[in-house]
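Taken in sequence, the protein lines are chains A, B and C.
Residues 39 to 287, numbered by this note's numbering, are exactly what the first sequence covers, in order.
Residues 80 to 310, numbered by this note's numbering, are exactly what the second sequence covers, in order.
Residues 31 to 240, numbered by this note's numbering, are exactly what the third sequence covers, in order.
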Amino acid sequence: MALLRVEELYKRYGREEVLRGVSLSVARGETKVLIGPSGTGKSTLLRCINRLTEPDRGQVWLEDAEITSPNTDLNRVRAKIGFVFQDFNLFTHLTALDNVRLGLLRVRGLGRKEATERAMSELARVGLAEKANSYPAQLSGGQQQRVSIARALAMDPQLILFDEPTSALDPELIGEVLGVMVQLAKEGMTMIVVTHEMGFARSVADEIVFMEHGVIAEKGPPEQMFRSPKVPRTGEFLRKISELYGESK
Amino acid sequence: MSLAFDWAWVPRLAQGLALTAQITALSMALGAGLGLALGVVRVYGGGRWSPLYWLASAYVHFFRGTPLLVQLMTIYVGLPTVGIRFSPFMAALVAMTLNTAAYQAEYFRGAIQSVKAGQMIAARSVGLTRLQAIRHVILPQALRLVIPPWSNELIYMLKYSSIFSLTVLTPERTDLFGAARDLVGRNFRYFEVYILVALMYLALVLLLTLLLRWIEERVRIPGLGTPGRGI
Amino acid sequence: MGLLVNVELLLGLIALGFVVGLVMALVEVYAPRPLAFGATVYSWFLRGVPELVLLFLFFFGPEQFGIRVSAFLAAVLALGLRSSAYQAQIFRGALQSIPHGQMLAARALGMSRLQAISHVILPQALRLSLAGWSNEFSSVLKDTSLASAIGLVEVMRRAGRITKDPRNLPLFLPTLFLVACMFLVLTYAGNAMIGLAEKRLRVPGLEMRR
């Protein structure tokens with residue numbers, strides 16, 4: 039059974055229809071990469087999955103629980119779904135360690151000692167154990183994003199949603215974040231990643247989903263999508279984006 | 080518990096209102112002159128150790144750090160003990176002017192300092208003297224920037240003019256709040272009269288706020304000042 | 031001396047102003063429309079009415095209905111609520127300057143709205159409020175002198191009593207000067223303490239963005 043199922047999701051902002059019936063299913067351990075021109079609803083789709091944005095219509099299921107049901111305890115569901123933001127959104131007033139620890143203490147209800155150990159091991163996992171006591175403003179963008187990945191990992195999520203995790207980074211810092219994400223994929227973490235990094239998509243994705251105008255235009259394994267896309271727009275977009283961003287690994 | 084209002088109160092309160100308006104307007108205007116001078120001295124009056132700068136700073140700190148009521152009592156009750164006498168009106172006017180000048184000096188200083196440094200350099204580079212540069216380049220910009228804090232100060236002074244009534248014992252000529260105290264002294268309708276007076280002050284505050292917003296809008300120059308200030 | 035009464039009054043009203051002001055700010059920013067509007071009107075009213083009118087209203091107003099309020103209590107209520115309106119403004123500005131992403135990230139971790147406000151938003155907003163708060167402290171301290179108008183025997187009232195005896199008159203001016211200096215010292219001592227707190231609580235990257 040799929041870990042996550044999205045069925046016929048609709049969302050409009052005023053007159054603009056951002057999502058026009060999107061359906062998607064993610065298996066456990068799968069890495070799904072969402073691509074497409076900006077403004078086609080990729081980020082909105084991610085936010086609708088854990089209802090940071092309320093969808094107008096449609097359903098989202100995590101295993102056999104419907105997230106979109108009004109009876110859902112949203113806070114419990116969100117604790118199971120990690121979210122990594124484009125602009126990190128680390129808590130400004132807390133050190134790296136406290137950022138990772140906050141959810142463990144306040145949401146998971148762990149004791150202080152246990153939470154600290156857990157948080158430290160997650161920081162070590164993203165290679166930042168020695169920065170535990172630094173404040174976000176004292177870290178580079180790449181380091182901040184790695185801390186925010188550790189913050190998501192610490193909650194022991196069933197899947198993690200990445201919303202353009204490298205778009206706000208200087209080019210030389212992108213690699214360290216992608217490196218962590220590649221590692222996660224290898225370890226079998228379930229991930230949905232919105233990104234323009236085609237090198238990452240090509241080497242890590244189990245499936246690439248091409249979205250345009252609020253619908254899924256095409257999806258398939260990377261080899262097929264890059265070599266012989268069925269929809270002409272897909273090929274056009276992939277060529278353009280590969281030229282713009284290169285295929286950095 | 081029943082409330083009773085009386086139209087007969089209105090003319091008496093209106094008289095008081097006239098004096099409130101008068102003393103607020105006068106002290107604000109005089110305070111603006113003195114405050115501007117102090118503000119300019121604090122920015123351009125030579126270094127930190129020049130006597131002029133030092134005097135202006137001491138003045139600003141003293142008058143901002145002590146209550147207006149203490150200042151008023153010093154002038155109205157204290158100075159006569161050494162032979163200097165003021166009428167109640169003059170005492171209040173002097174106290175309020177000296178007080179607001181200190182606050183306004185800080186607003187002018189802040190506004191002058193937020194004019195970009197390049198403006199002075201550019202003015203000097205076209206051959207203006209330092210004084211000309213201040214007069215024709217810096218101040219026209221600073222005076223626009225000073226409107227929002229100055230508006231707040233005006234409202235403060237309007238409210239603080241109510242301490243005028245603490246000086247006079249004979250209520251023939253008194254301010255809005257004094258007139259109210261005089262009224263309740265006769266009819267004991269404390270609650271109604273003070274609520275009514277509160278609403279009159281509020282109406283005045285609202286009127287002034289709108290007026291100053293309008294002025295600010297009128298003299299606005301694109302690119303000068305920050306958009307979206309909170310009041 | 032009577033200054034002690036001023037300090038007691040100050041502590042009472044600033045505490046009242048802090049609690050009410052913080053609640054009002056939270057209501058203004060996070061509560062649904064009608065409630066938030068109520069809070070806005072509340073703080074607008076209290077900021078537009080002279081302190082003296084509030085003092086007299088709270089002291090003499092209840093008396094008309096047979097309720098006696100002590101001068102001290104009336105002063106704490108009148109000046110405290112006035113201060114709450116100004117403090118609400120300071121807190122509201124600070125709350126609104128916290129980027130929306132902070133709330134989003136907290137909610138994404140599974141925190142409730144209340145948890146997010148108390149563990150993520152408020153710790154940042156209160157730090158940012160300290161600068162504005164020190165201004166409010168100064169003006170509240172000076173306002174305590176107004177309480178003499180409703181008969182509270184604080185430092186101004188004490189000073190005034192000297193004039194009762196004509197032989198003391200030459201002492202009056204120096205006394206007033208002394209009172210002024212005491213206010214100066216209190217103002218600067220208080221601000222120094224707030225400045226110290228600000229320094230101790232400082233977090234890199236968290237400054238008031240102007």
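We put the beta carbon where it would ideally sit given N, CA and C, even for glycine.
A quick note: this is a predicted structure, and the numbers were derived from the prediction, not measured.
Query raised in the report: Where does E38 (chain C) fall in DSSP's three states?
Result: It is helical.
Query - Spatial distance of R89 (chain A) from G77 (chain A) (CA atoms) - result: When rounded, the separation of the alpha-carbon atoms in R89 (chain A) and G77 (chain A) is 19 Å.
Query raised in the report: Where A206 (chain A) and G180 (chain A) are concerned, what is the direct C-alpha to C-alpha distance, given to the nearest angstrom?
Result: So the alpha carbons of these two residues sit roughly 9 Å apart.
Requested in this report: Report the neighbours of V44 (chain A) on chain C: residues whose CB is nearer than 7 Å to its CB, in chain order.
Outcome: By Cβ distance, chain C contributes nothing, its closest Cβ being about 17 Å from V44 (chain A), past 7 Å.
Requested in this report: May I ask you to report which of helix, strand or coil DSSP gives K268 (chain A)?
Outcome: DSSP places K268 (chain A) in coil when its eight states are reduced to three.
Query raised in the report: Any beta-carbon of chain C closer than 9 Å to the one on G95 (chain B)?
Result: Not closer than 9 Å to any Cβ of chain C, the Cβ of G95 (chain B) fails to qualify, so no.
Requested in this report: State the start and end residues of the unbroken beta strand (DSSP E) segment that holds R50 (chain A).
Outcome: First-last of the beta strand (DSSP E) with R50 (chain A): L42 to Y51.
Query raised in the report: If you measure from the beta carbon of K172 (chain C) to each beta carbon in chain B, is any gap under 9 Å?
Result: Yes, its Cβ sits closer than 9 Å to a Cβ of chain B.
Query raised in the report: What residue does the alpha helix (DSSP H) around G96 (chain A) start on, and which one ends it?
Result: That residue, G96 (chain A), is in no alpha helix (DSSP H); its beta strand (DSSP E) goes R95 to L100.
Query raised in the report: The beta strand (DSSP E) with S63 (chain A) in it runs from where to where?
Result: Per DSSP, S63 (chain A) belongs to the beta strand (DSSP E) from E54 to V64.
Query raised in the report: For S280 (chain A), which of helix, strand or coil comes out of DSSP?
Result: S280 (chain A) sits in a helix when the DSSP states are folded into three classes.
Query raised in the report: Closest by CA to E214 (chain A), which one among A:Q182, A:G52 and A:N113?
Result: If we check each option's Cα against that of E214 (chain A), A:Q182 comes out closest.
Query - Minimum Cβ-Cβ distance from Q176 (chain A) to chain C less than 9 Å - result: Yes - at least one Cβ of chain C is within 9 Å of the one on Q176 (chain A).
Query - chain A contact for Q17 (chain C) (CB, 9 Å cutoff) - result: There is no way to answer for residue 17 (chain C), as the model of chain C reaches only from 31 to 240.
Report task. Could you tell me which of C:G123, C:L87 and C:I97 sits nearest to L111 (chain C), measuring between CA atoms? Result -> Residue C:L87 is the option with its Cα nearest to L111 (chain C).
Requested in this report: Check the Cβ-Cβ distances between N127 (chain A) and every residue of chain C, and say whether any is below 9 Å.
Outcome: At a cut-off of 9 Å between beta carbons, N127 (chain A) contacts chain C.
Query raised in the report: Using a Cβ-Cβ distance under 9 Å, would G91 (chain C) count as near chain B?
Result: Closer than 9 Å to the CB of G91 (chain C) there is at least one CB belonging to chain B.
Requested in this report: Could you please give the first and the last residue of the uninterrupted beta strand (DSSP E) stretch that includes A134 (chain A)?
Outcome: In the DSSP assignment, A134 (chain A) falls outside any beta strand (DSSP E) and lies within the alpha helix (DSSP H) extending over A134 to R144.
Query raised in the report: Using 9 Å as the limit for Cβ to Cβ distance, is L25 (chain C) near chain B?
Result: Outside the shown range of chain C, which is 31 to 240, sits residue 25 (chain C), and nothing can be said about it.
Requested in this report: Could you run through the region 255-279 of chain B and flag, in chain order, every residue whose CB is less than 8 Å away from some CB of chain C?
Outcome: Cβ contacts with chain C: F256, A259, R260, V263, F267, R268, Y269, F270, Y273, I274, V276 and A277.
Requested in this report: May I ask you to verify whether the region 147-154 of chain B touches the region 230-248 of chain B, counting CB pairs closer than 8 Å and requiring at least 3?
Outcome: The region 147-154 of chain B is in contact with the region 230-248 of chain B.
**Report entry** For M249 (chain A), the three-state DSSP class (helix, strand or coil)
**Finding:** Shown here, M249 (chain A) sits in a strand according to DSSP, grouped into three states.
**Report entry** DSSP three-state assignment for E104 (chain A), whether helix, strand or coil
**Finding:** Assigned with DSSP and collapsed to three states, E104 (chain A) falls in strand.
**Report entry** Where A255 (chain A) falls: helix, strand or coil (DSSP)
**Finding:** A255 (chain A): strand per DSSP, three-state reduction.
Requested in this report: Kindly give me the distance between the Cβ atoms of E166 (chain C) and N36 (chain C), rounded to whole angstroms, as I take these residues to be in contact under 8 Å.
Outcome: No, E166 (chain C) and N36 (chain C) are not in contact; Cβ-Cβ is about 16 Å, not under 8 Å.
**Report entry** Paired residues, beta bridge with L199 (chain A) - DSSP
**Finding:** Bridge partners of L199 (chain A): A:F121 and A:I230.
Query raised in the report: Taking the alpha helix (DSSP H) that K238 (chain B) falls in, what are its first and last residues?
Result: Start and end: I226 to Y239.
Query - Closest by C-alpha distance to N137 (chain A), when choosing among C:A146, C:A118 and C:F121 - result: Nearest C-alpha to N137 (chain A) among C:A146, C:A118 and C:F121: C:A146.
Requested in this report: Label R184 (chain A) either buried or exposed according to how many other C-beta atoms from any shown protein chain fall within 10 Å of its C-beta, with 16 as the threshold for buried.
Outcome: Answer is buried; the Cβ neighbour count reaches 16.
Report task. Look at the alpha carbon of A177 (chain C) and the alpha carbon of Y138 (chain B), and state the distance between them as a whole number of angstroms. Result -> Distance between the alpha carbons of A177 (chain C) and Y138 (chain B) is about 26 Å.
Query raised in the report: Closest by CA to R197 (chain C), which one among B:F142, B:A100, B:T160 and B:T99?
Result: Comparing alpha-carbon positions, the option among B:F142, B:A100, B:T160 and B:T99 lying closest to R197 (chain C) turns out to be B:T160.
Requested in this report: For the alpha helix (DSSP H) containing V71 (chain A), list its first residue and its last residue.
Outcome: No alpha helix (DSSP H) contains V71 (chain A), which is instead part of the beta strand (DSSP E) from T69 to I73.
Query - Other residues of its chain near E93 (chain C): CB distance less than 6 Å, five sequence neighbours each side excluded - result: None.
Report task. Identify the contact partners of S175 (chain C) in chain B, using a Cβ-Cβ distance below 8 Å as the criterion. Result -> For S175 (chain C), the neighbours in chain B by C-beta distance under 8 Å run, in chain order, P146, L148 and V149.
Query - Proximal residues to K287 (chain A) (C-beta, below 7 Å), its chain only, five neighbours per side dropped - result: Note that K287 (chain A) scores 42 on pLDDT, short of 50, meaning its location in the model is unreliable; the coordinates nonetheless yield the value given after this. Closer than 7 Å at Cβ, skipping near neighbours: G237 and S241.
**Report entry** Residue-chain proximity (G190 (chain C), chain B), Cβ-Cβ < 9 Å
**Finding:** Yes, because at least one Cβ of chain B sits closer than 9 Å to the Cβ of G190 (chain C).
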